[in-house]
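Heads up: the protein sequence lines correspond to chains R and G, in order. Just so it is clear: in the first sequence, position 67 is 75 by our numbering, and no numbers are missing. Just so it is clear: in the second sequence, position 146 is 148 by our numbering, and no numbers are missing. No residue lacks a Cβ here, since even glycine has one placed at the ideal position from N, Cα and C. Bear in mind that the values here come from a model prediction, so they are computed numbers and not experimental data. Here is the structure we will look at.
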Amino acid sequence: MVRVKYRLQGKRMMETADTAEENPELLYDVPISGTVYGAALNYRAVYDALAPEMHKHPYREPPKAPVLFIKPVNTHVAHRGFIPMPKERRSVTIGASLGIVIGRTATRVDAEGALDYVEGYTIVNDVSIPHESVYRPAYKEKARDGFCPIGPFVVEQSEVADPNNLDIRVYINDVLRQENNTSNLVRTVEQLIMDVTEFMTLYEGDVLLAGSPEMMPQAGNGDVVKIDISGIGRLTNEVKDENEVSGGEGL
Amino acid sequence: MKRARVVYQGRVHDAAPAGSGLTLGDGRNVTEQEVEWLPPVMPETVFTLGLNYADHASELSFKDVPEEPLVFLKGPNTFVGHRGATPRPDNVGFMHYECELAVVIGRSAKNVKAGDAYSYVAGYTVANDYAVRDYLENYYRPNLRVKNRDASTPIGPWLVDRDDVEDPMDLRLTTKINGETVQDGSTADMIFSIPVLIEYLSGFMTLNKGDIILTGTPKGSVDVKTGDEVITEVEHIGALVNTII
Chain R
9 MVRVKYRLQG KRMMETADTA EENPELLYDV PISGTVYGAA LNYRAVYDAL APEMHKHPYR
69 EPPKAPVLFI KPVNTHVAHR GFIPMPKERR SVTIGASLGI VIGRTATRVD AEGALDYVEG
129 YTIVNDVSIP HESVYRPAYK EKARDGFCPI GPFVVEQSEV ADPNNLDIRV YINDVLRQEN
189 NTSNLVRTVE QLIMDVTEFM TLYEGDVLLA GSPEMMPQAG NGDVVKIDIS GIGRLTNEVK
249 DENEVSGGEG L
Chain G
3 MKRARVVYQG RVHDAAPAGS GLTLGDGRNV TEQEVEWLPP VMPETVFTLG LNYADHASEL
63 SFKDVPEEPL VFLKGPNTFV GHRGATPRPD NVGFMHYECE LAVVIGRSAK NVKAGDAYSY
123 VAGYTVANDY AVRDYLENYY RPNLRVKNRD ASTPIGPWLV DRDDVEDPMD LRLTTKINGE
183 TVQDGSTADM IFSIPVLIEY LSGFMTLNKG DIILTGTPKG SVDVKTGDEV ITEVEHIGAL
243 VNTII
């Protein structure tokens, strides 16, 4: 049992809960209210797969700063909300990520004290239309309505012994499709906070995605996607024809 | 109508121009120097266009006109109001301004056709989309370290109502550094026009009231130094003053 924060119909709630248990009676809201920033290429195998290209056109050299993008508010959808499947596509890429929820204004934070700025952790599904290149910002692939499920709740930072050692598992229709651990991050949670806040302030309620591991699974129409992060909970969303849903309706 | 958001005597006010000064929402008249200027719209999702003027694209050594808009997003940390200050990082070689017409969305827009696009626009303001080119990397270029630094996107002074602007696609843009004109262009030279951009963006995502589209900048990128006063002006919309610190 750990302390969690969540939202029901816009109201902020806090309780002690077992993150492995589902309360089917609760209709969770997106548990955060700030800007969601994602980090790409932040798992070693993802980085290594691109490494041979990094000295060639168009990349020319390996990245120095974190490779960041934004998941804007139209993409945010709650636990049990729908992921709209674009009509011209057959599948979407599931980007399971630990969401680092910022607790107070963080500017030029050292890695050593970085976790003092973390309110807690949540689960984020950085959904995208499959694409290879990271040369140009991929908002057409990443910023579609409902392409960023978040939740179900925020587990308080003090309840998580080591954010850099959490198992991540993705199940599609209850079949295990991906398994990894945050110990494989290129930049640890603390380093990522340091390197991001070196040039931009993070505010209370903002979320930093630690990244999505290699072998990201594909999900199609009707598939139920569950992302399980040990101690943080399980985020469930169904992929559904975009004509039947405009993002955010409940399962 | 023109509207601003300002802080006066410890409180946030809406304000309108009155002669050389301002009238606050409660009717008091104040001078421009007595208030702190906030961004005229509370920014939520903010889009920025790269390479949206043919002349600027060639200046940056991109030979081909892009096939679709190059769009990137900004976070709320980067905005600063009229008469604000923008830091120039230590030990960088090239930081430049970008004078841009900013389009403010007035209501939710999804799958909008270009022909209807202006009915989703609330109004316009001016943005200065500073870039620190030393930090440019070829990953999600232009990357956030170049374009989303704290207080590096001045915006304002006014939100000007859509219907007060006869043709937003025919406005002169100018930038002055310490009084000297260094950038002079026209929104007529945009590659992707405002209606086309709204059709493009709303074709894959919902635009919401208060979202802002910074429409890109024409040629004329010159380095700015600490202490410079940079004024980015869009004809009929406003003159946005910023100081480099």
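Tell me where the beta strand (DSSP E) around residue i begins and ends.
i       : result
S188(G) : 182–188
R30(G)  : Element bounds for R30(G): n/a, residue is neither H nor E.
V132(R) : 126–133
L217(R) : 215–217
S41(R)  : Careful: S41(R) lies outside any beta strand (DSSP E) and carries neither H nor E.
V117(R) : No beta strand (DSSP E) holds V117(R); DSSP gives it neither H nor E.
D175(R) : 175–180
K211(G) : No beta strand (DSSP E) contains K211(G), which DSSP labels as neither H nor E.
A25(R)  : 19–25
Q186(R) : 183–189
G88(G)  : In the sequence under discussion, the amino acid at residue 88(G) is Thr, which differs from the Gly named in the question. Taken as a continuous stretch (DSSP letters only), the beta strand (DSSP E) holding T88(G) covers 86–88.
Quick one: grab the DSSP three-state call for residue i.
i       : result
L200(R) : helix
E231(G) : strand
L242(G) : strand
P156(G) : strand
R109(G) : coil
G255(R) : The predicted model places G255(R) with a pLDDT of 43, which falls under 50 and marks its position as unreliable, so this point remains unresolved.
K221(G) : coil
Y137(G) : helix
K148(R) : helix
A20(G)  : strand
D172(G) : coil
V226(G) : coil
Y99(G)  : coil
P78(G)  : helix
K4(G)   : strand
N31(R)  : coil
V85(R)  : strand
D131(G) : coil
R164(G) : helix
G154(R) : coil
L49(R)  : coil
N93(G)  : coil
Y10(G)  : strand
Throw me the rounded Cβ distance for the residue i and residue j pair, which I believe falls under 8 Å.
i       : j       : result
E222(R) : A53(R)  : 4 Å
N264(R) : K95(R)  : Because chain R here runs from 9 to 259, residue 264(R) falls outside it and cannot be looked at.
E164(R) : V38(R)  : That pair is no contact at about 18 Å.
D2(G)   : T209(R) : For chain G, the structure presents residues 3 to 247; residue 2(G) sits outside this window and is missing.
H84(G)  : L173(G) : Not really, about 18 Å apart at Cβ, beyond 8 Å.
D16(G)  : R7(G)   : 6 Å
Y129(R) : P70(R)  : Rounded, the Cβ-Cβ distance is 28 Å, inconsistent with contact.
I'd like to know whether the C-beta atoms of residue i and residue j end up nearer to each other than 8 Å.
i       : j       : result
N244(G) : T88(G)  : yes
I233(G) : T177(G) : yes
P220(G) : I196(G) : no
E108(G) : A129(G) : For the sequence presented, residue 108(G) should be read as Gly rather than Glu. Not a contact, by the Cβ cut-off of 8 Å.
D134(R) : L217(R) : yes
I91(R)  : G42(R)  : no
I200(G) : Y122(G) : yes
L72(G)  : G52(G)  : yes
V233(R) : V247(R) : yes
T47(G)  : N210(G) : yes
F96(G)  : D136(G) : yes
V184(G) : G222(G) : yes
Relative to the C-alpha of residue i, which residue among the options is closest?
i       : options                            : result
L123(R) : A57(R), G89(R), A169(R)            : A169(R)
I235(R) : V132(R), L216(R), T190(R), G228(R) : V132(R)
I108(R) : M208(R), Y45(R), L243(R)           : Y45(R)
E102(G) : P156(G), R30(G), D166(G)           : P156(G)
A151(R) : T101(R), T113(R), V204(R), D182(R) : T101(R)
A57(R)  : V142(R), T27(R), E30(R), R116(R)   : V142(R)
I201(R) : C156(R), Y147(R), V126(R)          : V126(R)
T33(G)  : P45(G), M44(G), A18(G), P41(G)     : A18(G)
Y202(G) : G111(R), V197(R), Y147(R)          : Y147(R)
D203(R) : Y51(R), Q17(R), A73(R)             : A73(R)
G181(G) : A241(G), N54(G), I214(G)           : A241(G)
G12(G)  : L24(G), G29(G), W39(G)             : W39(G)
T83(R)  : E70(G), M97(G), S204(G), L216(G)   : S204(G)
N50(R)  : V12(R), L16(R), V197(R)            : V197(R)
I176(R) : N189(R), E61(R), I158(R), Q226(R)  : N189(R)
V261(R) : H87(R), E212(R), F161(R)           : Here chain R comprises residues numbered 9 to 259, so residue 261(R) is not present and cannot be evaluated.
G121(R) : Q199(R), V75(R), R98(R)            : Q199(R)
D231(R) : R116(R), M93(R), E167(R), E149(R)  : M93(R)
Between which two residues does the alpha helix (DSSP H) holding residue i run?
i       : result
D56(R)  : 52–58
E201(G) : 196–204
V148(G) : 146–149
Sorry if obvious, but does the Cβ on residue i come closer than 7 Å to a heavy atom of the ligand HEM?
i       : result
D153(R) : For the ligand HEM, the structure offers nothing, since it holds no ligand at all.
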